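The structure appears below as structure tokens.
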Amino acid sequence: MLLAFAPFVAFAVLNHFISPTAALAIAALISLGLIGREIVLGHSAKILEVGTCILFGGLAVYAYLSNANWPIVGVKLAVDIGLLAIVLFSLVVGRPFTIQYARETVPRDLWDSPQFLRTNQVITLVWLAAFAAIIVADLILLFRPDVPHKLSVLLTIGALYAAFKFTEAYPDRAEPRATDKPN
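If you count by the working numbering, then the sequence shown holds residues 788 to 970, one letter each, in order.
This is the structure in structure tokens:
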């Protein structure tokens, strides 16, 4: 699942060295490459990867056609809102984005269990909260330039780290609860 965030990492790094439009376009191409990789490996394209490709591609086209002069923080905010929307969409349609990654490591006979779906809903909600925290960090930078940039960076790193650690730990915690029998 971490590989799916490669376009975001590339965008975050490149956005400081090249134009936002070029950084968006490169991130879209990386997303397209990840989709191609999934297809070559015999997997289906994932909601997060398809959504990311549409997000970066759409923002790149908009930035190019409108000749927008976005501040770096403004572009990052647009990307982070788009990411939040992708994750929220996956929950609304009943296919939490984490489920496609979990199916690659969980036996097929568990895929339709209520516990499997619930575990992925919870993990996806945690990622949704992390992305909401990142948006707050972006908004702080955008509207309160007097706040040290480090605060936003720390909030972003902390939110992502917490979501990642939760994703690692929660399935093991949730599994015993599913097998506990009432007294």
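Every residue, glycine too, gets a C-beta built ideally from N, C-alpha and C. On a predicted model such as this, the values are computed, not experimentally measured, just so you know.
Check: Three-state secondary structure (DSSP) of Ala832; Outcome: coil
Check: Exposure of Val879, with buried meaning 16 or more beta-carbon neighbours within 10 Å; Outcome: exposed
Check: As assigned by DSSP and simplified to three states, the class of Gly823; Outcome: helix
Check: Cβ pair count under 8 Å reaching 3, the region 900-907 against the region 863-875; Outcome: no
Check: Proximity winner among Leu947, Leu811, Ile910, relative to Ala956 (alpha-carbon distances); Outcome: Ile910
Check: For Asp899, the three-state DSSP class (helix, strand or coil); Outcome: coil
Check: Straight-line gap, Leu941 to Tyr849 (C-alpha atoms, nearest Å); Outcome: 30 Å
Check: Proximal residues to Leu915 (C-beta, below 8 Å), its chain only, five neighbours per side dropped; Outcome: Leu871, Val874, Leu875, Leu878
Check: Minimum C-alpha distance to Leu835 - residue among Ala847, Val827, Ile817, Leu828; Outcome: Ile817
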